[in-house]
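Okay, so here's the structure we're looking at.
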Amino acid sequence: MIRLQNIHKSYITGTNKLHVLKGIDLHIKKGELVSIMGSSGSGKSTLLNILGLLDNHDEGVYELNNEEIKSMSETKAAKLRNNLLGFVFQSFNLISFKNAMENVALPLYYQKVSRKKRNKLALEYLDKMGLKEWAHHMPNELSGGQKQRVAVARAMITEPKIILADEPTGALDSKTSVEVMELLKEINKSGITVIIVTHENDIAHMTDRIINLKDGRIESIVENNKINNTESVQIPIQE
Amino acid sequence: MFDRDKWQEIFSTIRKNKTRTILTGFSVATGIFMLIFLLGAGRGLRNGMTSVFAQDATNSMQIFGGRTTKAYKGTPEGKRIQMVNDDFLNLKKSIQKIDAISAMSYIPGAETISYKNNFGNFNVSPVHDTYKEIKNFEIIKGRFLNQNDLAEHRKVVAIQDEVKKVLFPKETALNKYININDIKFKVIGVFHQSSFDDNSREIYIPITVAQKIFNNNDHIRRISFTLNNVSVEESQNIERQITYKMAARHNFSKEDKNALWIQNNIENSQTFAGLFSAIEMFVWIIGIFTILLGVIGVFNIMMIVVKERTKEIGIRKAIGASPNSVIGLILMEAIFITAASGYVGLIAGVGLLESISQFDIIEKVYPPAAIYFIDPQVDLGIAIGATIVLVITGALAGFFPARKAAAIRPIEALRDE
Ligand SMILES: Nc1ncnc2c1ncn2[C@@H]1O[C@H](COP(=O)(O)OP(=O)(O)OP(=O)(O)O)[C@@H](O)[C@H]1O
Ligand SMILES: [Mg+2]
Numbered sequence: 362m363i364r365l366q367n368i369h370k371s372y373i374t375g376t377n378k379l380h381v382l383k384g385i386d387l388h389i390k391k392g393e394l395v396s397i398m399g400s401s402g403s404g405k406s407t408l409l410n411i412l413g414l415l416d417n418h419d420e421g422v423y424e425l426n427n428e429e430i431k432s433m434s435e436t437k438a439a440k441l442r443n444n445l446l447g448f449v450f451q452s453f454n455l456i457s458f459k460n461a462m463e464n465v466a467l468p469l470y471y472q473k474v475s476r477k478k479r480n481k482l483a484l485e486y487l488d489k490m491g492l493k494e495w496a497h498h499m500p501n502e503l504s505g506g507q508k509q510r511v512a513v514a515r516a517m518i519t520e521p522k523i524i525l526a527d528e529p530t531g532a533l534d535s536k537t538s539v540e541v542m543e544l545l546k547e548i549n550k551s552g553i554t555v556i557i558v559t560h561e562n563d564i565a566h567m568t569d570r571i572i573n574l575k576d577g578r579i580e581s582i583v584e585n586n587k588i589n590n591t592e593s594v595q596i597p598i599q600e
Numbered sequence: 023m024f025d026r027d028k029w030q031e032i033f034s035t036i037r038k039n040k041t042r043t044i045l046t047g048f049s050v051a052t053g054i055f056m057l058i059f060l061l062g063a064g065r066g067l068r069n070g071m072t073s074v075f076a077q078d079a080t081n082s083m084q085i086f087g088g089r090t091t092k093a094y095k096g097t098p099e100g101k102r103i104q105m106v107n108d109d110f111l112n113l114k115k116s117i118q119k120i121d122a123i124s125a126m127s128y129i130p131g132a133e134t135i136s137y138k139n140n141f142g143n144f145n146v147s148p149v150h151d152t153y154k155e156i157k158n159f160e161i162i163k164g165r166f167l168n169q170n171d172l173a174e175h176r177k178v179v180a181i182q183d184e185v186k187k188v189l190f191p192k193e194t195a196l197n198k199y200i201n202i203n204d205i206k207f208k209v210i211g212v213f214h215q216s217s218f219d220d221n222s223r224e225i226y227i228p229i230t231v232a233q234k235i236f237n238n239n240d241h242i243r244r245i246s247f248t249l250n251n252v253s254v255e256e257s258q259n260i261e262r263q264i265t266y267k268m269a270a271r272h273n274f275s276k277e278d279k280n281a282l283w284i285q286n287n288i289e290n291s292q293t294f295a296g297l298f299s300a301i302e303m304f305v306w307i308i309g310i311f312t313i314l315l316g317v318i319g320v321f322n323i324m325m326i327v328v329k330e331r332t333k334e335i336g337i338r339k340a341i342g343a344s345p346n347s348v349i350g351l352i353l354m355e356a357i358f359i360t361a362a363s364g365y366v367g368l369i370a371g372v373g374l375l376e377s378i379s380q381f382d383i384i385e386k387v388y389p390p391a392a393i394y395f396i397d398p399q400v401d402l403g404i405a406i407g408a409t410i411v412l413v414i415t416g417a418l419a420g421f422f423p424a425r426k427a428a429a430i431r432p433i434e435a436l437r438d439e
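From first to last, the protein sequence lines stand for chains A and B.
Those letters in the first sequence? Residues 362 to 600, per the numbering used here, in order.
Those letters in the second sequence? Residues 23 to 439, per the numbering used here, in order.
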């Protein structure tokens, strides 16, 4: 599904050049549940943004869904994001003046789905997230966990192949964190590839594979127990 | 364009920023309102002036005898120039472009006119039958003087509607006999004429009759005529031609400007037309500048809107909004604000003009001014033109902010501060 070869990325700020990604090689198969870990500033978000076509890489080969991603028009990138990818962010990024249902339905607006149809679908997805009663509430009337579940519903509504989540539990308490993770695992079980950036060990250990980034390079990749839904405890927890 | 979802998107943001949107809209609306109102008022003024001056056809000229201010061939200055019938006949023959020509004499002494017990002082003007083509009368009853009246010295009279009201308050005037200086004249027609002063009360009798029974001479006070299709230059030429002819006939210097008074309505009406064009131009400039200020306001607002909505636009782009759809969103909003508020201004301006003419507001506020202000309207062309201007300026005002919005990069917008 995703294949990275020697990906480099630098940010230029003024006269300084900050080399953030220094040659990333990575292969993520269809249907995997992967987490990316690493200390702050190690380039996790940068990597995820490149994977999500929100940013371009400078060097290397990025293949997404068997298609090589080179510099492409913003229109094409928008279309790919809309059809193929779903995003979940740490700070939810819901649109404040739209209610939960409208937020969930918005990606379908850009697919020119009729209003009636997309609102119906949005209600179905909210129902799956257990938020049916909250459909007509504005984001500021929802708790953090509820907001994140709305965001997950929004990411899911276009039936994407990949969900990219940048610290989806970063703003949630541990109980709601686990709930959101269960949700993402559920989604993963339906065959969707899920990539989660996190710096929480227990979150990472709920995934199939942990990719450790350090200083712009992959330091190690830890395969969790294949039957990790039985919550294996034998795997040593990486610090 | 008529995508309901897009409008819903636009309305939801407008609703969020009501005050700001209204304030901007207000300046655009004011611009259009001023433009429409001033143009309409200008039009009303032009109509009023035209109708006031139209009592003399705009292609007419009038000649009055004056007093010389230069000594000429032994005659000292100060000689009165008295026109006579021969002058009239001579001009009628010699000026080719003349369409209709009529002389006017006058009746000396008190002009008390009566019918039974009703009487009043009216202006009695002895004229030719052709006078009706020079003055724009509206015949209400009967007819104006005709050639036979003139040729056969018939004692007949055409009276103004105001005169009829006084002399015949309760009965028809036609075929009744009124007394003019104790001589009976038969009423053959009633007419209406618009005029500078509301007090005009005119009576017309055949000039041949007046000269025979009241004056006993061939003096005339003025000669009026209309010209066919002449330019201002031609009319000035004719003016000069007349001066030369009359100078030769009455023995005064061709250079003497006061011996003969010639009123050239062709020239005058062109001067008026020029004046009103200038006023209209001035109004356009004011209106356009006001609209321009409004548009700059819209531009500023949209810039702020884009800045405030950076994060939202970033979210939209992350979940699949194309640059074009973002441009569309901002552009439509700008066009909508300009067009909607412009429309409000348009309606207000037209409404004010309409109510002024509907309820005769000027008549109520200051009656004497009323005749100078008729039918203040803006035509459809101007309204459509203004609308097009609005949409275009709205699009211009939205264009740069929209481009700015489209260039927003989601990663920048979504970065947590
Ligand atoms: N748009 C940008 N322009 C310049 N520098 C940037 C930009 N985005 C990120 N950086 C820098 O690149 C480095 C990596 O940033 P990145 O956001 O990928 O880190 P991260 O691993 O996600 O960190 P965290 O855990 O704190 O989110 C940081 O030093 C950051 O300051
Ligand atoms: Mg990060």
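Glycine included, C-beta positions come from ideal geometry on N, C-alpha and C.
Model, not experiment: these values are computed from the prediction.
- At a cut-off of 9 Å between C-beta atoms, residue 519(A) counts as an interface residue with respect to chain B.
- Put simply, the backbone Cα of residue 358(B) is about 8 Å away from that of residue 416(B).
- Between residue 52(B) and residue 373(B), the CB-CB gap reaches or exceeds 9 Å.
- Residue contact with chain A for residue 338(B): present (Cβ-Cβ distance below 9 Å to some residue of chain A).
- Residue-level contact by beta carbon holds for residue 436(B) and chain A, with a gap shorter than 9 Å.
- For residue 242(B), the closest of 404(B), 84(B), 403(B) and 38(B) by C-alpha to C-alpha distance is 84(B).
- Straight-line measurement puts the Cα of residue 566(A) at about 7 Å from the Cα of residue 585(A).
- Ligand 1 has no heavy atom closer than 8 Å to the beta-carbon of residue 486(A).
- Residues of the same chain with a CB within less than 7 Å of the CB of residue 448(A), apart from the 5 flanking positions on each side, are 413, 516 and 525 in chain order.
- Taking the Cα positions, residue 395(A) is about 17 Å away from residue 540(A).
- Between the C-alpha atoms of residue 144(B) and residue 208(B) there is a straight-line separation of about 16 Å.
- Residue 244(B): member of the beta strand (DSSP E) spanning 244-249, first to last residue.
- Within 8 Å of the CB of residue 346(B), the CB atoms of chain A belong to 436, in sequence order along the chain.
- Under DSSP, residue 424(A) forms a beta bridge with 364(A) and 429(A).
- A contact between stretches requires three or more CB pairs, one per stretch, nearer than 8 Å, and the region 423-437 of chain A meets this requirement with the region 328-346 of chain B.
- Taking 8 Å as the cut-off, one finds at least one heavy atom of ligand 1 near enough to the beta carbon of residue 399(A).
- Closest by C-alpha distance to residue 453(A), out of 506(A), 569(A), 523(A) and 555(A), is 506(A).
- In terms of side-chain proximity, the C-beta atom of residue 34(B) is found no nearer than 8 Å to any non-hydrogen atom of ligand 2.
- Taking 8 Å as the Cβ-Cβ cut-off, the region 486-511 of chain A has no residue approaching chain B.
- In this structure, ligand 2 has a non-hydrogen atom nearer than 8 Å to the beta-carbon of residue 405(A).
- Residues of the region 405-423 of chain B with a Cβ closer than 9 Å to any Cβ of chain A: none.
- DSSP places residue 236(B) in the helix class (H, G or I) of the three-state scheme.
- Annotation for residue 499(A): 460 place their beta carbon closer than 6 Å to its own, counting only its chain and skipping 5 residues before and after.
- Taking 9 Å as the CB threshold, residue 472(A) lines the interface with chain B.
- Look at residue 34(B): its C-beta is under 9 Å from a C-beta on chain A.
- Counting only runs that start and end inside the region 107-138 of chain B, the alpha helix (DSSP H) elements of at least 4 residues fall at 107-116.
- DSSP places residue 454(A) outside both helix and strand once states are collapsed to three, so it counts as coil.
- Within the region 328-405 of chain B, no run of beta strand (DSSP E) reaches 3 residues while sitting entirely inside it.
- Contacts with chain A at 9 Å (Cβ-Cβ) do not include residue 350(B).
- With distances taken between CA atoms, residue 548(A) lies nearest to 522(A) out of 533(A), 570(A), 522(A) and 572(A).
- The residues 230, in chain order, have a CB closer than 8 Å to that of residue 173(B) in the same chain once the five nearest residues on each side in sequence are set aside.
- Distance from the CA of residue 490(A) to the CA of residue 511(A), rounded to the nearest whole angstrom, comes to 8 Å.
- For residue 278(B), the closest of 26(B), 436(B), 294(B) and 89(B) by C-alpha to C-alpha distance is 89(B).
- Interface residue (Cβ-Cβ distance to chain A less than 9 Å): residue 38(B) is classified as such.
- Secondary structure at residue 174(B): coil, using DSSP grouped into helix, strand and coil.
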